[in-house]
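Worksheet for the structure shown next.
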Amino acid sequence: MIKKASFLISNTDYRKCPSPTKPEFAFIGRSNVGKSSLVNMLTNNKNLAKTSGKPGKTQLINHFLIDDNWYMVDLPGYGFAKVSKSIKSTWEKMISDYLKNRDNLVAVAVLVDSRLDPQKIDIEFITWCGNNEIPFFLIFTKSDKQGKSKTQSNVQKFLQESIEIFGEEPQYFITSAQTGEGKEELIAFIENEVQDYYDTHK
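One point on numbering: in the UniProt record's numbering, the residue at position 190 of the sequence shown is 190, and numbering is uninterrupted.
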């Protein structure tokens with residue numbers, strides 16, 4: 001259970017991020033995947049991350065301090081945001097520099113819309129993470145928006161594509177910001193990873 005969450009700082013450069021003394025988890029996904037809503041649900045704070053009907057609202061690397069123990073990082077979405085090509089390429093460099101160079105990054109939470117068949121842009125992103133040896137896990141969002149069997153079908157399709165790329169099934173969670181589904185399992189997983197980080201960095 002997350003008891004305390006506070007916004008720390010926004011940046012465009014990983015070198016200006018908080019001192020890398022605590023384990024860090026970055027949240028990223030296609031624009032409008034429900035990232036801000038999920039962050040707010042996990043932290044029990046409706047106003048922590050800005051939610052918007054407009055894709056591309058998050059444009060910076062946003063750091064939140066969780067329980068004085070680890071960092072949650074809200075990254076700009078990739079994909080359909082209506083921004084110019086020059087801004088898009090700047091974002092992409094900012095995100096890739098951060099993901100490749102942040103020493104205390106434990107894993108990237110890649111958010112995937114459970115209502116959709118596997119999207120090329122999501123598959124491309126997890127492939128990029130794999131090629132760059134960046135650990136990731138999957139969070140399927142918006143599970144309340146359709147029946148359980150439809151969610152399971154879409155999740156299985158995505159996992160199958162992941163297995164074809166990596167030879168194994170990635171860690172994954174099925175969530176809903178509306179109902180709270182997956183919240184306890186996801187937080188327990190992160191807290192376990194946080195503990196492992198401190199155990200190996202004594």
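Built from N, CA and C at the ideal position, the CB exists for glycine as well.
Would you mind sorting residue i into buried or exposed? The rule is 16 or more other CB atoms within 10 Å of its CB.
{"i": "Ser200", "result": "Ser is not the amino acid found at residue 200; the sequence shown has Thr there. Exposed."}
{"i": "Pro135", "result": "exposed"}
{"i": "Glu168", "result": "exposed"}
{"i": "Ser86", "result": "exposed"}
Near residue i, what residues of its chain come up, given a Cβ to Cβ distance below 7 Å and the 5 sequence neighbours on each side ignored?
{"i": "Gly29", "result": "Lys35, Gly77, Val110, Leu111 and Val112"}
{"i": "Asp103", "result": "Pro20"}
{"i": "Ile123", "result": "Glu161"}
{"i": "Pro18", "result": "Leu8, Ile9, His63 and Tyr71"}
{"i": "Thr179", "result": "Asp144"}
{"i": "Tyr197", "result": "Pro23 and Val106"}
What separation, rounded to the nearest whole angstrom, lies between the Cα atoms of residue i and residue j?
{"i": "Thr21", "j": "Asn132", "result": "22 Å"}
{"i": "Phe166", "j": "Gly130", "result": "8 Å"}
{"i": "Ser89", "j": "Lys148", "result": "37 Å"}
{"i": "Gln160", "j": "Ser153", "result": "11 Å"}
{"i": "Val73", "j": "Met94", "result": "13 Å"}
{"i": "Gln119", "j": "Asp144", "result": "19 Å"}
{"i": "Asn101", "j": "Leu60", "result": "16 Å"}
{"i": "Ser84", "j": "Lys46", "result": "30 Å"}
{"i": "Leu75", "j": "Ile121", "result": "16 Å"}
{"i": "Pro170", "j": "Trp128", "result": "14 Å"}
{"i": "Thr151", "j": "Glu191", "result": "26 Å"}
{"i": "Phe125", "j": "Val108", "result": "11 Å"}
If you drop the 5 nearest sequence neighbours on each side, which residues of the same chain put their C-beta closer than 6 Å to that of residue i?
{"i": "Val33", "result": "Leu111, Asp113 and Thr141"}
{"i": "Phe7", "result": "Phe64"}
{"i": "Lys4", "result": "Asp67"}
{"i": "Arg115", "result": "Lys142, Lys145 and Gln146"}
{"i": "Tyr14", "result": "Asp97, Tyr98, Asn101 and Arg102"}
{"i": "Lys202", "result": "none"}
Pop quiz: residue i and residue j are said to be a contact at Cβ under 8 Å. What is the actual Cβ separation, rounded to whole angstroms?
{"i": "Thr2", "j": "Ile66", "result": "In the sequence as displayed, the identity of residue 2 is Ile instead of Thr. Yes, they are in contact, since the Cβ atoms of Ile2 and Ile66 sit about 6 Å apart, within 8 Å."}
{"i": "Asn62", "j": "Ser10", "result": "5 Å"}
{"i": "Val39", "j": "Phe25", "result": "Not really, about 11 Å apart at Cβ, beyond 8 Å."}
{"i": "Glu193", "j": "Val106", "result": "5 Å"}
Using a Cβ-Cβ cut-off of 8 Å (strictly less than) and excluding sequence neighbours within five positions of residue i, which residues of its own chain qualify?
{"i": "Phe173", "result": "Phe137, Leu138, Ile139, Phe140, Gly182, Glu185, Leu186 and Phe189"}
{"i": "Lys157", "result": "Asp117 and Pro118"}
{"i": "Val155", "result": "Ser114, Phe140, Tyr172 and Ile174"}
{"i": "Leu48", "result": "Ala5, Phe7, Val39, Asn40 and Phe64"}
For the ligand HEM, is there any heavy atom lying closer than 7 Å to the beta carbon of residue i?
{"i": "Ile121", "result": "The model depicted lacks the ligand HEM and carries no ligand whatsoever."}
With a floor of 3 residues, list each beta strand (DSSP E) that falls wholly inside the region 31-74, ordered by position along the chain. 61-66 and 70-74
Any chance you could list the beta strand (DSSP E) runs of at least 3 consecutive residues sitting entirely within the region 87-154, in chain order? 105-113 and 136-141
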